[in-house]
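What follows is one structure encoded as structure tokens, with my remarks underneath.
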Amino acid sequence: MSQKYTEYKQLQMPAIEQEFLAYWKSSETFKKSITQRSGSKPFVFFEGPPSANGLPGIHHVISRTLKDLICRYKTMQGFEVNRKAGWDTHGLPVELGVEKELGITKEDIGKTISVADYNKKCREVVMRYKDKWDGITEQMGYWVDLSDPYITFDNNYIETLWWALKELYKKDYLYKSVSIQPYSPAAGTGLSSHELNQPGTYKDVKDTTVVAMFEAIQDEASAPLFAKSNQEKIHFLAWTTTPWTLPSNCGLTVGGAIEYSLVKTINPYTKVAVHVVLATALLGKFFKEEFKGVDFAIVNENEKALPWEVVATFKGKDLEGMRYHQLMPFEANAKAVAGGDPFRVIVGDFVTTEDGTGIVHTAPAFGADDYKVGAKNNIGILVMVDREGKFIDGLGPWSARFVKNYKDAADYKDIDVDIAVQLKLDGKAFKVEKYEHTYPHCWRTDKPIIYYPLDAWFIRTTAVKNRMIELNKTINWKPKATGEGRFGNWLENMVDWNLSRSRYWGTPLPIWATEDGTERICIGSIEELKSEIEKANAQLGLQQMVRDESVDLHKPFVDEWVLVAPSGKAMRREPDLIDVWFDSGAMPYAQWHYPFENKDKVEQHNAFPADFIAEGVDQTRGWFYTLHALSVMLFDSVAYKTVVSNGLVLDKSGNKMSKRLGNVVDPFKTIEKYSADATRWYLITNAAPWDSLKFDEDGIQEVQRKFFGTLYNTYQFFALYANVDGFSFKEQYIPVAERPELDRWILSALQSLIKQVTESLDNYEPTQAGRAIETFLDEQLSNWYVRLCRRRFWKGEYEQDKISAYQTLYECLETLSLLIAPISPFFADWLYNNLNKVTNRIDQTSVHLANYPSANLSIIDSDLEERMLMAQDISSLVLSIRKKISIKVRQPLKKILIPILNDAMKQQLELVAPIIINEVNIKEVEYLVDSEGFIKKKLKPNFKSLGAKLGAHMKAAANLITNFTQDQILELERNQSIQITINNELITINLQDVEIIIDDIPGWSIASKGSLTVALDLTLTPELEMEGIARELVNRIQKIRKDSNFELTDRINVKIKSDEKINAAINQYNDYICAEILSDDIETVNDLQEGIAIEVNEITYHVLISKN
């Protein structure tokens, strides 16, 4: 146990952190924090697994700070908080990185490189940046068990996934179906709806669009139409934003009840007269009223004119069954290839007249609505694009061309533009233009997706939709709006989960099927797989082997195993992998290899569901969703009870961080430069976690200077004087009730702070907690208590008043070390150890092993806190006046006047009047019971507050407020509110709805805050001026003492060059000056060549100081 508190020359937070990282490691502090609470009530936390094939960013630091501070807080509250790390190791991010590194594409796998070698490479690179992740984890003080992480490519983990899939299979939640799904040609796989709704997947694009002209076939069905056109050609107009789908057109869909017009006009490109059909409601989009019914010869005079006239109108149902010539016929898309009965007008209920022509170009292969209406009407299907995103052979000039630039080819030509140009030349385009709209892109490649017919496996999430919605209402979402809005709306509109992925590195779907698909089995464990292999060996005469030590549940090995159906037919594995989001969504039980091990953790709720999780808001439709969906389907339970979704981290201008903009923040450099604690504190207190944060390094510097600098200086002040007096808390504890009022006040405020911080952290509101601590430290402890108590620490006698001050300040610092520990773990432990190594008041070697403070409500004195707050507010108002009129605080003034609202206010102020007098350097406080006639007040409406509350009544309320009488203003101040009447309706106006304006009066300066008003007497008498000079002199000599490195207890001799004013001030205030500067006397001399020049009230004097 040390006898003295360590004193420091300067605050070096990065050095502190290196010291405590080493200390925590050598003493196994993290491990101890869990083991010493073993057997206590568990607080369950799930770590969302990052992918170690990419580097951590500053956004990871904020989410990990949130996770760490809650877990540290709960640990200090006595809970057992296990924190198992995890790694997300499968999926597109890994595969695309490997392809890029090897210089291959998906099509090369199995050709230029074997699947086994490819997956071996994936396994190698997936942990490429693990050291970096471990580094940032340690560097930022994030306590999570990295020694035994769950890894999603591990066999045990995959085995649990297989168990979960089999459970879903048994419950009929797994099914296979052909449907139109989002598909990424660039990634070579289908996507789920939640992948398609990741932030940033929908991008604004400008595409070439075409209003194509489909020529009607003249037959019995279309006879009524041709009768109106005098047997001239007729074209159906259909608009598309994806011209590349036109070779796959199989039908035209109209709305049965929509009115359509047969219009005679001209083709704007060929200038040939034509008859076209489109929705009547959309005529204005193509034709101008001024050219209606004009002579068609006008075209020769005005090329932009488009003469037109309506020949007839029909309902959409009247057009049903009419046929048309295929728009872009080739060998590959012949009618026979389409199957069914294509190239007809059909009716659908999804057609609108909001845009386009009211006739929908229908390509069943590339749209969910198209597919449904096409199947219903048997118009066949043409899939003219392959899975690489390029046209198949047999399409003439379009064959083998990519529909989008999926390969980043430098010479790529926009296929939509080329198709539009060709249609113009062929007289089959009525309008071609650029159109800006949003279009979905692959979340990993940033390339446009297409909707494509896929034979895929789905999870029937819609079967438990209502239960998912019901259980979601029991989750504590922070913020609540995310759970009710973003997540709640997602659940309301969910579709079945597309599970299949046609890739190589991932969890294989454990379903084996016969070639004809009539018999299937879903494998739920390695043991079951081995049993089925043995059965297949026996019945099919195979010699397959599965050894526990060598089994690998990945491709290509699982694809080599053949199983046998009850009929005796061979069964091979369905080739798909599963969605990587299933991996992370099943981590609550897969991390424990449930149900093969650790059944108690899940079934006895020792480790499931989570009490708390936290990730970025982008996980709302990712990890948060898959966790919830799987837990509801498997356990009829929530996966988590509380979830905090943190917002985006933007640059200081509010822009999204990106390498392209060069505004990405390196978390390693930031922490190394400014410290982890300053970074963590800034991230937590700058904005609520769920709000977007404008990241600014200047803000971290400000935190380092203002918060940690103030706390450091407060400790330094304490250590300096405690070492002088030998204070080590060995004296008998002085009961709080027996301490001076200032001590009782700060200890009451401290207990109120503990209560507020605890409530905030219990409600997962760390920003409120951090800001409350900042306010206490700055406004109450440092700038008020310590400043007002300095003299108690300076004075020589070591008696009860001084001991009380030491005990009080020590308790404040000790409690602060505990309160800040979850947010700033390094500095907290530094402060705690600096204090505790001298006093040993807490029998723990680290602040993180100690218990979190709980508020002692009996110490809280609300009346005392109220009047001290009034003293602070009044002092602040007076000091603001002094600053405004440039009168220094060291210059005494006569008095202040305070209008009193009631007797209770006066009684409270009288008790703190001595503090106010001393703080603002005045001689007296005078109270005005009725200020009317002396102080005139008027009100200015707070339009922001009133507008939000009153809406249309705001203007009338503002007029009334502006004309309030002095009595009405007084009533508002006294009661904090007042009622007014507008249109016979009573409306309450609160004090925050107005601003009180007071004009200065001659000889006085006035300031106000809310209902508090102060008037300062500006009269400066000769006596007051003399005292001001004395105080200035003390200030200058004290500065010389400090600059000369005198000890606090050194007594000095002082000589000063004689001057009339300075002599008068010294004579009158000699005892005061000498006591303050520790001098026996001050000698005034007529001539002083030596010494230091000082300036007092703009006059220069010379002073010579020496040790006594």
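First residue of the sequence shown? That's 1106 in this note's numbering, and the numbers climb one at a time after it.
All residues carry an ideal CB built from backbone N, CA and C; glycine is no exception.
This structure is a prediction, so every number in the text was calculated from the model and none was measured.
(message) Let me make sure I understand the geometry here. Which of 2202, 2164, 1662 and 2207 has the alpha-carbon closest to that of residue 2196?
(response) By 1-based counting over the sequence shown, the position of residue 2196 is 1091. For the residues 2202, 2164, 1662 and 2207, the minimum Cα distance to residue 2196 belongs to 2207.
(request) Under 7 Å Cβ to Cβ from residue 2139, same chain only, skipping five residues before and after it: list those, please. (result) Sequence index remark: in the sequence shown, residue 2139 carries index 1034 (1-based). Counting only Cβ-Cβ distances below 7 Å, and skipping sequence neighbours, we find 2178, 2181 and 2182.
(message) Runs of 4 residues minimum, wholly inside the stretch 1523 to 1581: which ones carry the alpha helix (DSSP H) assignment?
(response) 1570 to 1577
(request) Would you kindly work out how many angstroms separate the C-alpha atoms of residue 1810 and residue 1311, rounded to a whole number? (result) Taking the first residue of the sequence shown as 1, we reach residue 1810 at position 705. Taking the first residue of the sequence shown as 1, we reach residue 1311 at position 206. So the two alpha carbons sit approximately 49 Å from each other.
(request) Taking the CB atoms as reference points, tell me whether residue 1557 and residue 1285 lie closer together than 8 Å. (result) Taking the sequence shown and counting its residues from 1, the one referred to as residue 1557 is at position 452. Taking the sequence shown and counting its residues from 1, the one referred to as residue 1285 is at position 180. For residue 1557 and residue 1285, yes; Cβs fall inside 8 Å.
(request) With a 10 Å radius around its C-beta and 16 neighbouring C-beta atoms as the bar for buried, classify residue 1430 as buried or exposed. (result) Reading the sequence shown from its first residue, position 325 is the one you call residue 1430. The residue in question, residue 1430, is exposed, as its Cβ has fewer than 16 Cβ neighbours within 10 Å.
(request) With DSSP as the reference, label residue 1345 as helix, strand or coil. (result) Locating residue 1345 in the sequence shown gives position 240, counting from the first residue. Strand.
(request) Reducing DSSP to helix, strand and coil, say where residue 1046 ends up. (result) Outside the shown range of the chain, which is 1106 to 2213, sits residue 1046, and nothing can be said about it.
(request) Answer yes if the stretch 1910 to 1930 comes into contact with the stretch 1826 to 1837, meaning at least three C-beta pairs across the two stretches below 8 Å, and no otherwise. (result) yes
(request) Could you give the DSSP three-state label for residue 2091: helix, strand or coil? (result) For the purposes of this step, residue 2091 is identified with residue 986 of the sequence shown, where counting begins at 1. Residue 2091: strand per DSSP, three-state reduction.
(request) Report the residue from 1203, 1319 and 1188 whose alpha carbon sits nearest the alpha carbon of residue 1255. (result) By 1-based counting over the sequence shown, the position of residue 1255 is 150. Of the candidates 1203, 1319 and 1188, the one whose C-alpha sits nearest the C-alpha of residue 1255 is 1188.
(message) What does the alpha-carbon distance come out to for the pair residue 1580 and residue 1693?
(response) Taking the first residue of the sequence shown as position 1, residue 1580 is located at position 475. Taking the first residue of the sequence shown as position 1, residue 1693 is located at position 588. Using only the alpha carbons, I get a separation of about 16 Å.
(request) With a 10 Å radius around its C-beta and 16 neighbouring C-beta atoms as the bar for buried, classify residue 1134 as buried or exposed. (result) Counting from 1 along the sequence shown, the entry for residue 1134 is found at position 29. Burial call: buried.
(request) Apply the 10 Å Cβ neighbour rule to residue 1370 and answer buried if 16 or more other Cβ atoms are within range, or exposed otherwise. (result) On the sequence shown, position 265 is the one that residue 1370 refers to. Classification for residue 1370: buried.
(request) Return the chain-ordered list of same chain residues with a C-beta closer than 7 Å to the C-beta of residue 1553, the five sequence neighbours on each side being excluded. (result) Mapped onto the sequence shown, residue 1553 falls at position 448. Result list for residue 1553: 1509, 1544 and 1546, in chain order.
(request) Quick one: residues in its chain with C-beta nearer than 8 Å to the C-beta of residue 1367, no 5 flanking neighbours on either side, listed in chain order? (result) Sequence index remark: in the sequence shown, residue 1367 carries index 262 (1-based). So the list reads 1330, 1333, 1334, 1339, 1380, 1381, 1382, 1415, 1416, 1417, 1418 and 1419, once near-sequence residues are dropped.
(request) Pull up the distance between the alpha-carbon of residue 1534 and that of residue 1666, whole angstroms please. (result) Taking the first residue of the sequence shown as position 1, residue 1534 is located at position 429. Taking the first residue of the sequence shown as position 1, residue 1666 is located at position 561. About 55 Å.
(message) Whole angstroms are fine: how far does the CA of residue 1611 sit from the CA of residue 1768?
(response) One-based indexing of the sequence shown puts residue 1768 at position 663. One-based indexing of the sequence shown puts residue 1611 at position 506. For residue 1768 and residue 1611, the distance between alpha carbons rounds to 33 Å.
(message) Within the continuous beta strand (DSSP E) that includes residue 2031, where are the two ends?
(response) For the purposes of this step, residue 2031 is taken as residue 926 along the sequence shown, with counting starting at 1. Run containing residue 2031: 2027 to 2033, per the beta strand (DSSP E) assignment.
(request) Give every residue of the same chain whose Cβ lies closer than 6 Å to the Cβ of residue 1486, excluding the five residues on either side of it in the sequence, and list them in chain order. (result) Residue 1486 sits at position 381 when you count from the first residue of the sequence shown. Excluding residues within five positions, the ones whose Cβ falls inside 6 Å are 1469 and 1470.
(request) Would you list the one or two residues that DSSP bridges to residue 1428? (result) In the sequence shown, residue 1428 corresponds to position 323, counting from 1. In the DSSP output, where bridge partners are listed per residue, residue 1428 has 1449.
(message) What would DSSP say about residue 2018, mapped onto helix, strand or coil?
(response) In the sequence shown, counting from the first residue as 1, residue 2018 sits at position 913. Residue 2018: helix per DSSP, three-state reduction.
(message) Does the contact criterion of 3 or more C-beta pairs under 8 Å hold for the stretch 1602 to 1616 versus the stretch 1675 to 1687?
(response) yes
(request) Quick one: residues in its chain with C-beta nearer than 8 Å to the C-beta of residue 1842, no 5 flanking neighbours on either side, listed in chain order? (result) In the sequence shown, counting from the first residue as 1, residue 1842 sits at position 737. Closer than 8 Å at the Cβ level, and outside the excluded window around residue 1842, lie 1849.
(request) Using a threshold of 8 Å, state whether the C-beta atoms of residue 1062 and residue 1171 are closer than that. (result) It is not possible to answer for residue 1062, since the shown part of the chain is limited to 1106 through 2213.
(request) Could you tell me whether the stretch 1290 to 1301 touches the stretch 1433 to 1446, using the rule of 3 or more Cβ pairs below 8 Å? (result) no
(message) Taking the alpha carbon of residue 1568 as the reference point, which residue from 1218, 1600 and 1674 has its own alpha carbon closest?
(response) Along the sequence shown, one-based indexing puts residue 1568 at 463. Checking every option, the nearest Cα to that of residue 1568 belongs to 1600.
(message) Need the endpoints of the alpha helix (DSSP H) that residue 1912 sits in, please.
(response) Here residue 1912 refers to the residue found at position 807 when the sequence shown is read from its first residue. Run containing residue 1912: 1905 to 1924, per the alpha helix (DSSP H) assignment.
(message) Is the beta carbon of residue 1112 closer than 8 Å to that of residue 1828?
(response) Within the sequence shown, numbered from 1, the residue matching residue 1828 stands at position 723. Within the sequence shown, numbered from 1, the residue matching residue 1112 stands at position 7. The answer is yes: Cβ separation under 8 Å.
(message) Let me make sure I understand the geometry here. Which of 2088, 1522, 1635 and 1989 has the alpha-carbon closest to that of residue 2058?
(response) Counted from its first residue, the sequence shown places residue 2058 at position 953. Of 2088, 1522, 1635 and 1989, the residue nearest in Cα terms is 2088.
(request) Work out the CA separation of residue 1882 and residue 2213 for me, nearest whole Å. (result) The residue you call residue 2213 lines up with position 1108 of the sequence shown. The residue you call residue 1882 lines up with position 777 of the sequence shown. Taking the straight line from one Cα to the other gives about 38 Å.
(request) Mind reading off the beta-carbon distance from residue 1685 to residue 1196? Whole number of angstroms is fine, and I expect it under 8 Å. (result) Taking the first residue of the sequence shown as 1, we reach residue 1685 at position 580. Taking the first residue of the sequence shown as 1, we reach residue 1196 at position 91. So it is a contact: roughly 3 Å between Cβ atoms.
(message) In whole angstroms, give me the CA-to-CA distance for residue 1793 and residue 2114.
(response) Along the sequence shown, one-based indexing puts residue 1793 at 688. Along the sequence shown, one-based indexing puts residue 2114 at 1009. Straight-line Cα distance between these residues: approximately 27 Å.
(request) With a threshold of 16 other CB atoms inside 10 Å of the CB of residue 1142, please say whether the residue is buried or exposed. (result) By 1-based counting over the sequence shown, the position of residue 1142 is 37. Result: buried.
(message) Looking at the strands, I want to know which residues DSSP matches up with residue 1750.
(response) Translated into positions along the sequence shown, residue 1750 becomes position 645. Partner(s): 1720.
(message) If the criterion is Cβ atoms closer than 8 Å, does the pair residue 1124 and residue 1290 meet it?
(response) What you label residue 1124 is simply residue 19 of the sequence shown in a count that begins at 1. What you label residue 1290 is simply residue 185 of the sequence shown in a count that begins at 1. It is not a contact, given that the beta carbons lie outside the stated cut-off.
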